[in-house]
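Those protein sequence lines, which keep their order, are chains A, B and C.
Going by this note's numbering, the final residue of the first sequence carries number 351, and the count climbs one at a time with no gaps.
Going by this note's numbering, the final residue of the second sequence carries number 1075, and the count climbs one at a time with no gaps.
Going by this note's numbering, the final residue of the third sequence carries number 2252, and the count climbs one at a time with no gaps.
To start, the structure itself, in structure tokens.
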Amino acid sequence: MSERLFLKGNEAIARAAIAAGMRCYFGYPITPQNDIPEFLSTELPKVGGEFVQAESEIAAANMLLGAAACGVRAMTSSSSPGISLMQEAISYMAGSELPGVIVNMNRGGPGLGDIGPSQGDYFQSTRGGGHGDYRTLVLAPGTVQEAYDLTLLAFELAFRYRNPVLLLGDAILGQMKEPVTPRVPQQTTDPEAETWCLTGAVQRPGRVLKSLFLDDGALAEHNTRLAAKYQAMETESRAESFLVDDAQLVVVAYGSIGRIAKSTVRKLRAAGHRVGLVRPITLFPFPTAILRDLALAGKRFLTIEHNLGQMVDDVRLAVRTVTDSAFYGHLPGNLPTPNDFEAPILAALGH
Amino acid sequence: MPARVQFREDRCKGCLLCVQACPSGIILQSSRFNQLGYKIAEIPHERMQECKGCAFCALMCPDYAITVFKIEEDA
Amino acid sequence: MQEIPVTRYPEVLIDRPTHYCPGCQHGIAHRLVAEALTDLGVVERTIAVSSIGCSVFLYNYLNLDTVEAPHGRAPAVATGVKRARPEAIVFTYQGDGDLASIGMAEIIHCANRGERVTVIFVNNTVYGMTGGQMAPTTLLGQKTTTCPGGRCLEREGAPIRMAEIIASLGGTAYCARVAVNTVKNVMRAKKAIRNAFQYQLDGKGFSFVEVLATCPTNWRLSPTAANERVATEMIPYFPLGTFQDCAATEEV
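Structure representation (structure tokens):
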């Protein structure tokens, strides 16, 4: 397809969701993701889909749970405070093994924070977020094109693993406009869902989708099976590696910050500094192997985040026993430029 | 004998809502216990003939422990 | 001479002992739902949403496709189910803690949107499964484990009358309060539950049936005394009747 569109990140995600065959969307207004429900309120009914403005993020996420139980492609979107409210349903979805896509356009926190970009939800996103022992797949696009592409992937992965998938952006990604080539997804329905989803019990016993396991040993068995599933997700880990082969220092940054750091790396390269970048695209599973191989090859690391230091824990875990990672945190409240990262990178290089 | 009431004794929890519902007043609490340890409901054999087959007892039983049969003489 | 069974339990009702306490009327309410779905011939297209509390195990007793909702969220989950499968008959089965306290926002908005779903609301004025704590429907003066001196108007407010609230919302097509304490009331309850599902089947809007029921264990009463309390204390505060019926309104 040669068509090119000039889209905001939020709209790219909304369009990609429709292209991916999403037929139910449930949302609640919150900045900075309102373009998603606004777009879908008009466009989703045109393709026979259902748009519901829920009474809260709690309700929106539980509507997602209900639609997911029916085996249809469904999505909700919100931003940090709203995602906190959704965690109950996300935990139940993980426990009941229900597929769904949740978009978080990360804003500053804690509490009401601000409405600007932030990466303060990294821990919440990658550690399950709600109560109990579970994980969600987390995809972190750095460009609007990638936001489109990863939205398509999110639905695929949700059904492949019968698990919630979180698409983690921020106010930068949601609000900026870039050219996008709308790719055509390979799959827009999930016929294999017919083996587990709720259709009405015709000529078979009723199916129960639940997360309650009271019998002796039942929960242990269930959680062990979930753990095996999370382990199997490792094959989905993705990262962009940029000029790392001869680098002395590898910058690790994700999402829009990864993309800004890439500009800094390019600029410092032009000035002769041997610096590279790894931009994790999946935050769970985390691209541990890539980082560990680089550590074994003698690289040093600097993690840059738009928070006080969260992903740096995962980088340190990835390179442990070999080396460590330095950290630079850009604080919320303003948009970082490539220049902001120059000094910390040079300092980590030892200049 | 127009009707017969059958109690699934293993299901009865001895709540006696059937006793409360029976218009003929023929259901009583037995002195026997079932396997769950409940004193079950029963109709003494000699009073079964008073049953009119209204099935109110079954209607009120929360444990689906009662089946009522109407008895028809063959023509 | 031949014996003809007067009582017939619908096939969708699973033949197994329930976990409910002696005299608990969830069993009656389950049976009435099973009978309504069977009578309307919709068992095979029904999707149930179970809630939190004693009735979470609904799926152990009704052989239906079922999804388990978080506490109070069943109406939101049912909304998602119905929007995904509009051809399905969708119902939630919720207790008073679940529906009238933690799930108040979800039930109000589900009704107000006029979602084509049915809600069976079992009101026994107490949190049963967690051990008899005060519920939003606990009657004034009623002792529970968290209002041991009896519910007090000044401190805890008045018990909430859900059927009246639900009836006042624009999307509600049918709303009734019934009891299952007497044979007559069970027959009426059966009719109301059947009506509720019929209205959903006809696409008329949201339907709601509040079922007054006992919790002998947490009321510290024998099952028969608890059943008497329904008539002497509950019904005077929670009057029985049909509070909304769009078909009746249309006729006027």
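Ideal Cβ positions, reconstructed from N, Cα and C, are used throughout, including at glycine.
Note that the coordinates shown come from a computational prediction; the quantities given were computed from them, not determined experimentally.
Residue i at chain C interface by Cβ criterion, 8 Å
{"i": "Leu198/A", "result": "yes"}
{"i": "Ile36/A", "result": "no"}
{"i": "Lys46/A", "result": "no"}
{"i": "Leu1017/B", "result": "yes"}
{"i": "Ser96/A", "result": "yes"}
{"i": "Met63/A", "result": "yes"}
{"i": "Val244/A", "result": "no"}
{"i": "Gln1020/B", "result": "yes"}
{"i": "Gly352/A", "result": "A question about residue 352/A goes unanswered here, because the residues of chain A that appear run from 1 up to 351."}
{"i": "Ile1066/B", "result": "yes"}
{"i": "Phe26/A", "result": "yes"}
{"i": "Ile1071/B", "result": "yes"}
{"i": "Ala69/A", "result": "yes"}
Burial state of residue i (16 or more Cβ within 10 Å)
{"i": "Pro287/A", "result": "buried"}
{"i": "Ile13/A", "result": "buried"}
{"i": "Phe284/A", "result": "buried"}
{"i": "His330/A", "result": "buried"}
{"i": "Phe6/A", "result": "exposed"}
{"i": "Met2162/C", "result": "buried"}
{"i": "Phe1033/B", "result": "exposed"}
{"i": "Pro99/A", "result": "buried"}
{"i": "His131/A", "result": "exposed"}
{"i": "Thr195/A", "result": "exposed"}
{"i": "Thr303/A", "result": "buried"}
{"i": "Val180/A", "result": "buried"}
CB contact below 8 Å: residue i versus chain B
{"i": "Thr2007/C", "result": "yes"}
{"i": "Met2001/C", "result": "yes"}
{"i": "Gly2265/C", "result": "Residue 2265/C is absent from the model: chain C starts at 2001 and stops at 2252."}
{"i": "Ile2004/C", "result": "yes"}
{"i": "Gly2203/C", "result": "no"}
{"i": "Arg2229/C", "result": "no"}
{"i": "Arg2045/C", "result": "no"}
Helix, strand or coil at residue i [DSSP, three-state]
{"i": "Gln1029/B", "result": "strand"}
{"i": "Phe2238/C", "result": "coil"}
{"i": "Ser79/A", "result": "coil"}
{"i": "Asn62/A", "result": "helix"}
{"i": "Gly2245/C", "result": "Reading off the sequence shown, one finds Asp at residue 2245/C, where the question assumed Gly. Reduced to three states, the DSSP call for Asp2245/C is strand."}
{"i": "Ser241/A", "result": "strand"}
{"i": "Asp133/A", "result": "coil"}
{"i": "Cys24/A", "result": "strand"}
{"i": "Leu2032/C", "result": "helix"}
{"i": "Tyr1005/B", "result": "For the sequence presented, residue 1005/B should be read as Val rather than Tyr. Strand at Val1005/B."}
{"i": "Lys1052/B", "result": "coil"}
{"i": "Leu40/A", "result": "helix"}
{"i": "Pro2005/C", "result": "strand"}
{"i": "Gly1037/B", "result": "coil"}
{"i": "Ala326/A", "result": "strand"}
{"i": "Asp35/A", "result": "helix"}
{"i": "Lys1013/B", "result": "coil"}
{"i": "Ile2050/C", "result": "Residue 2050/C is actually Ser in this sequence, not Ile. It is a strand residue."}
{"i": "Ile1071/B", "result": "strand"}
{"i": "Gln53/A", "result": "strand"}
{"i": "Leu139/A", "result": "strand"}
{"i": "Ala2078/C", "result": "helix"}
Cβ of residue i within 8 Å of any chain A Cβ
{"i": "His2026/C", "result": "no"}
{"i": "Val2077/C", "result": "yes"}
{"i": "Ala2084/C", "result": "yes"}
{"i": "Arg2073/C", "result": "yes"}
{"i": "Ala2036/C", "result": "no"}
{"i": "Pro2105/C", "result": "Checking the displayed sequence, the identity of residue 2105/C turns out to be Ala instead of Pro. Closer than 8 Å to some Cβ of chain A, the Cβ of Ala2105/C qualifies, so yes."}
{"i": "His2109/C", "result": "yes"}
{"i": "Gly2171/C", "result": "no"}
Heavy atom of the ligand MN within 7 Å of residue i beta-carbon
{"i": "Asp2202/C", "result": "Only the bare structure without any ligand can be found here, which leaves the ligand MN out of the picture."}
Practice problem: Quick one: which unbroken beta strand (DSSP E) runs of 3-plus residues sit fully inside the segment 253–318 of chain A? Chain order, please. | Solution: 275–280, 282–284, 300–305
Practice problem: Check distances from the C-beta atoms of the segment 72–94 of chain A to those of chain C and list, in chain order, the residues that come in under 9 Å. | Solution: Val72, Ala74, Glu88, Ala89, Ser91, Tyr92
Exercise. Give, in chain order, every unbroken run of the alpha helix (DSSP H) that is at least 4 residues long and sits entirely within the segment 2095–2124 of chain C.
Key: 2104–2113
Quiz item: Which of the residues in the segment 47–58 of chain A, read from start to end, lie with their CB under 8 Å from any CB of chain C?
Solution: Glu50, Val52, Ala54, Glu55, Ser56, Ile58
Exercise. Could you tell me which uninterrupted alpha helix (DSSP H) segments, each at least 4 residues in length, are contained entirely in the segment 2126–2207 of chain C, listed from first to last along the chain?
Key: 2153–2156, 2162–2167, 2183–2201
Quiz item: Between the segment 1033–1063 of chain B and chain C, which residues of the former have CB atoms less than 7 Å from a CB of the latter, in chain order?
Solution: Tyr1038, Gly1053, Ala1055, Phe1056, Ala1058, Leu1059, Met1060, Pro1062, Asp1063
Practice problem: Identify each residue in the segment 2056–2068 of chain C for which the Cβ-Cβ distance to at least one residue of chain A is less than 8 Å, and report them in chain order. | Solution: Val2056, Tyr2059, Leu2062, Asn2063, Leu2064, Asp2065, Thr2066, Val2067, Glu2068
Self-check item: Uninterrupted alpha helix (DSSP H) stretches inside the segment 157–222 of chain A (no shorter than 4 residues)
Solution: 171–175
Quiz prompt | Where the segment 200–233 of chain A meets chain C: residues whose CB sits under 7 Å from a CB there | solution = Gly200, Ala201, Val202, Pro205, Gly206, Arg207, Val208, Leu209, Lys210, Ser211, Leu212
Practice problem: Can you give me, in chain order, the residues of the segment 167–179 of chain A that have a beta carbon less than 8 Å from any beta carbon in chain C? | Solution: none
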